[in-house]
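Accompanying notes for the structure given below.
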Amino acid sequence: MMNTVSTGYSSPNREARDHAIDMIVLHCTGMQDAEIALRRLCDPAPVAGNYPGPWQMPDADPDTALGRVSAHYVVAESGQIFRLVDEEECAWHAGRSFWAGAENLNARAIGIEIVNGGHDFGLPPFPKAQITALIDLLDDIVARRSIKGARLLGHSDIAPGRKADPGEHFPWADLAAAGLGLWPGPVSFDPAAPEWIAGDEGPGIAVLQAELARIGYLTGTAGRMDPATCAALEAFQRRFRPRRVDGNADPESRALVRELLALVAA
Ligand SMILES: [Zn+2]
């Protein structure tokens, strides 16, 4: 049973959609608390001085304009859900982004901000009431919009190297256990198999890049562990193998990539 959705906050940061909705992007707010995040997401002219935090230099000019941002939904730690932008309109949460050949994903995505301090505040845990409310909200959206499991994504998946939210403590496995999103593994692999690191080259790396690209990630293609490929692997690990996130193509990560691809292709 879904919690009541509050419409007490409405964001002016929105525009008309020019694409059908076919994905959901999860974020964490990365701010001090829900009230500050809601204010920021509804602010038509945000300036640095109104949002002090570890993300800016202490001597930053308080009048510096910040980007206008928004999301369709905000899920508070208590489980309270706020709708800031109607789903039929485009909210501004993804920024520069890529998935499965498409860019500018705001046009096709529903964006959900989960209230959580994120990396700047030490990756605090996500309370159970919050995740339960999120799962109910996702159940509702996925059913109404027929969103495929492979297209329930994190901001880090669609902006590798630039964004790390909702972060490696976000319980993707719990969502998958509730039937939301894909989850590979556990997988078997040969721990003695080679591990490819930044700068390595070889035909196996080209295969891995093709697999990552078929899942949807923006990656390199030249059989070389270039920055784009390492960033894609880091995003993949942050979500599917969070205890070690380093962008290396280790045997376990490669097995997980193959397993996830099999689920995507099924
Ligand atoms: Zn985000």
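In my numbering, the protein residues as written are 55 to 320.
Glycine included, C-beta positions come from ideal geometry on N, C-alpha and C.
- Query: Quick one: is GLY235 buried, meaning 16 or more other Cβ sit within 10 Å of its Cβ, or exposed?
  - Reply: buried
- Among residues of its own chain, excluding the 5 on either side of ALA99, which ones have a beta-carbon nearer than 8 Å to its beta-carbon? ALA119 and ARG122
- Given 8 Å, three or more beta-carbon pairs between the region 250 to 262 and the region 300 to 313: Touching, yes.
- Task: Would you please state the rounded distance, in angstroms, between the beta carbons of GLY233 and THR186? I believe it to be under 8 Å.
- Result: The C-beta distance from GLY233 to THR186 rounds to 14 Å, too long to fall under 8 Å, and the pair is not in contact.
- Query: How many angstroms separate the CA atom of THR275 from the CA atom of GLY103?
  - Reply: 42 Å
- Message: Please report the straight-line C-alpha distance between GLY270 and GLY155, rounded to a whole angstrom.
- Response: 7 Å
- Could you pull out every residue in the same chain whose Cβ sits closer than 7 Å to the Cβ of ASN57, ignoring the five residues on either side in sequence? GLY133, GLN134, ILE135, ALA187 and ASP190
- Message: Can you give me the C-alpha to C-alpha distance between ASP193 and ARG150, rounded to a whole angstrom?
- Response: 27 Å
- Item | Cβ neighbours of GLY172 in the same chain (closer than 6 Å, five flanking residues each side left out) | CYS82, GLY84, ASP219 and GLY221
- Going along the chain, which residues of its own chain have a beta-carbon closer than 8 Å to the beta-carbon of LEU159, five neighbours each way excluded? MET77, VAL79, ALA148, SER151, PHE152, TRP153 and ILE212
- Message: Please determine whether the Cβ atom of ASP140 lies at a distance below 7 Å from any heavy atom of ligand 1.
- Response: no
- Item | Outcome for LYS303 when other beta-carbon atoms lying within 10 angstroms are tallied against a minimum of 16 | In the sequence as displayed, the identity of residue 303 is Ala instead of Lys. So ALA303 ends up on the buried side.
- Query: Between which two residues does the beta strand (DSSP E) containing ALA145 stretch?
  - Reply: It spans 143 to 145 - the beta strand (DSSP E) in which ALA145 sits, taken as one unbroken run.
- Item | Separation of VAL101 from ARG216, as counted between CA atoms | 21 Å
- Message: On the DSSP bridge list, what partners appear for SER60?
- Response: PHE136
- Can you find a heavy atom of ligand 1 that lies under 7 Å from the Cβ of HIS126? no
- Message: With a threshold of 7 Å (Cβ to nearest heavy atom), would ASP211 be considered close to ligand 1?
- Response: Every heavy atom of ligand 1 is 7 Å or more from the Cβ of ASP211, so no.
- How many whole angstroms separate the CB atoms of GLU167 and LEU95, which I take to be in contact at a CB cut-off of 8 Å? 7 Å
- Along the chain, where does the beta strand (DSSP E) that runs through HIS81 open and close? 77 to 82
- Query: Taking TRP237 as the reference, which of SER210, GLU255, ALA204 and HIS209 has the closest Cα?
  - Reply: ALA204
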